[in-house]
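Residue numbers (the working numbering): 149 to 250.
These notes are about the structure you will find just below.
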Amino acid sequence: MSTKARSHERSSDNIERKKLPMPDVFVILFGFMILIVLASYIIPAGSYERVINNGLTQVDTDSFRYISAEPLGFLDLFTAIHKGLVGRIEHYLFDFGGWRCA
Numbered sequence: 149m150s151t152k153a154r155s156h157e158r159s160s161d162n163i164e165r166k167k168l169p170m171p172d173v174f175v176i177l178f179g180f181m182i183l184i185v186l187a188s189y190i191i192p193a194g195s196y197e198r199v200i201n202n203g204l205t206q207v208d209t210d211s212f213r214y215i216s217a218e219p220l221g222f223l224d225l226f227t228a229i230h231k232g233l234v235g236r237i238e239h240y241l242f243d244f245g246g247w248r249c250a
């Protein structure tokens, strides 16, 4: 075997493979949101009836029924975070902001 062939073998072993950079966390979250919007067109919508047993609200396992599907639209993708935060703002105010005031 010639020295050129040997040096070529060694150099190919030393070549590092390029790694893909980790995407930003917001890119990952936006990707999950797109998957959820697409899943709302594929997965059928359904509902269970709820009953109260001994003061606890429980799901009646035999009461499942399909309901009319309302898939998410394109604009819902951009308003989902805002609607989620507004719906639970008291949680953020009391749990994360209230402990500093005490």
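Just so you know, even glycine gets a beta-carbon here, dropped at the ideal spot from N, CA and C.
Secondary structure remark: continuous beta strand (DSSP E) runs of at least 3 residues inside the segment 168-216, in chain order: 198-201, 204-207.
In the three-state reduction of the DSSP assignment, residue 231 falls in the helix class.
Of the candidates 200, 187, 205, 187 places its Cα closest to the Cα of residue 221.
Annotated as proximal: residue 217 and residue 193, with beta-carbon spacing under 9 Å. Rounded to whole angstroms, residue 169 and residue 230 show a C-alpha spacing of 29 Å. With respect to residue 225, residue 191 sits apart: the two C-beta atoms are not nearer than 9 Å.
Non-local C-beta neighbours of residue 213 in its own chain, meaning closer than 7 Å and more than five positions away in sequence, comprise 194, 195, ordered along the chain. Of the residues 204, 235, 198, 205, the one whose Cα lies closest to the Cα of residue 211 is 198.
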